[in-house]
Amino acid sequence: MTITEFERDAQGIIIVWARLQGPNGSRDLQLALDTGAAMTLVLPEVLDRLGYSARDGDKITSISTANAAPEQGYRLRVQHFQVLGFGFHEFRIHAHELPDYGVDGLLGMDFLENFDFEVRMSERRIRLALPAHHDP
Amino acid sequence: MTTEERLTWKQIREHYPQRWVVLIDHERLPHDTAGFKTARVLAVGGSRMEATERARPELDSIRDWGCHFTGPLRGPLIGYRPWFIP
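Here the protein sequences come in this chain order: V and B. Going by this note's numbering, the letters in the first sequence line up with residues 5 to 140, in that order. Going by this note's numbering, the letters in the second sequence line up with residues 114 to 199, in that order.
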């Protein structure tokens, strides 16, 4: 089990630190934890500087919000992705633009669904644990 | 600019408010290597691009760095749901 402290943005959304590894090294990222996002998403600009490009993508994806036209992006596997004390090799990330929020992307349910997680708002901490039936 | 001083994220936000900062030489937390205890500020700018450009040429030889906004962040008000295009 891991316990990680988090910050909250001006609107109360949870911001966590993450680390992404690519051909050009590794980058520290700030991601908004978003249980309403099915997929983990990182800005293409960040991925570009890590040495990734749309050529590394295996799917074209589209994204939309209530007040914006759909925009295309792509999905790729990154060398290593680490957040909240756990890391995955070959983790799937979606490359998509976001409005100028200041964050580098979103931490979505495709990461969180691998764990039992507990958000303690008063302590500003997240507890993350592999489920009991997990096969290492 | 390169500062030799090691700062926490809280100190960096206080020293460089509402700016983009390029951080290097992170002192990692033992239980969570995605976070950090302290880091050094390599460059500061008004945008992500300006900060990273100011960090050159040193940045070209550094493999582990991050560029972050020290002002208030804003997450999305509504969820983003990517879907696949068949």
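By construction, the Cβ of each residue, glycine as well, lies at the ideal position given by its N, Cα and C atoms.
| query | result |
| --- | --- |
| Chain V contact for B:A147 (CB, 7 Å cutoff) | yes |
| At least three beta-carbon pairs within less than 8 Å, the segment 157 to 167 of chain B to the segment 35 to 43 of chain V | no |
| Cross-chain neighbours of B:H139 in chain V, by beta carbon under 8 Å | D32 |
| Nonlocal neighbours in the same chain, by C-beta distance under 7 Å from V:L141, ignoring five residues either side | Beyond the ends of chain V as shown, which are 5 and 140, falls residue 141 of chain V; an answer cannot be given. |
| Proximal residues of chain V, C-beta to C-beta of B:E184 below 8 Å | A small fix is needed here, since residue 184 of chain B is Gly in this sequence, not Glu. Here the neighbours are G106. |
| Status (buried if at least 16 other CB within 10 Å, exposed otherwise) for B:A152 | buried |
| DSSP state of B:H128 mapped onto helix, strand, coil | helix |
| Unbroken alpha helix (DSSP H) run spanning V:F115, endpoints | 113 to 116 |
| Strand pairing of V:G55, partner residues [DSSP] | Answer by DSSP bridge pairing: none, since V:G55 is not bridged. |
| Contacting residues, own chain, Cβ-Cβ under 6 Å from V:S66 (five flanking each side not counted) | P74, Q76 |
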